[in-house]
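*Asks:* Residue 708 is where the sequence shown ends in the numbering used here, and the numbering goes up by one at each step.
What follows is a single structure, and I will ask about it in a moment.
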Amino acid sequence: MDEITQRVRSIGARRKRLRDELTSADAELRKLMPSAKAMLTQEEIRAFTGLSIQTIRTYTARG
């Protein structure tokens, strides 16, 4: 296997792991958001998580 193929496969595998980890973290945030919203401001949540205000509102509404 040439170097380019090896690198593409390696990067692809890393992207998949990161996507899976992000999906898991996202699910945890969705569960915690109603409690977090009760204790923190939207700006604090945004600063801690990097989520947009719209996403925070969506997660809060869905619970």
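Every residue gets a Cβ at the ideal spot worked out from N, C-alpha and C, and that includes glycine.
When we look at the beta-carbon of Met684 and count the other beta-carbons within 10 Å, is it buried (16 or more) or exposed?
*Replies:* As a first step, residue 684 is located in the sequence shown; it is residue number 39 there, counting from the start. With fewer than 16 Cβ atoms within 10 Å of its Cβ, Met684 is classed as exposed.
*Asks:* Taking contact to mean 3 or more Cβ pairs, one atom from each stretch, closer than 8 Å, check whether the stretch 672-686 and the stretch 650-658 are in contact.
*Replies:* By the Cβ rule, the stretch 672-686 does not count as touching the stretch 650-658, because fewer than three pairs are nearer than 8 Å.
*Asks:* Give me the residue from Phe693, Lys676, Glu689 with the minimum Cα distance to Thr703.
*Replies:* On the sequence shown, residue 703 is found 58 positions in, with the first residue counted as 1. Considering only alpha carbons, the answer is Lys676.
*Asks:* In or out: Ile690 buried (at least 16 other Cβ within 10 Å) or exposed?
*Replies:* Taking the first residue of the sequence shown as 1, we reach residue 690 at position 45. Ile690 is buried by the Cβ-count criterion.
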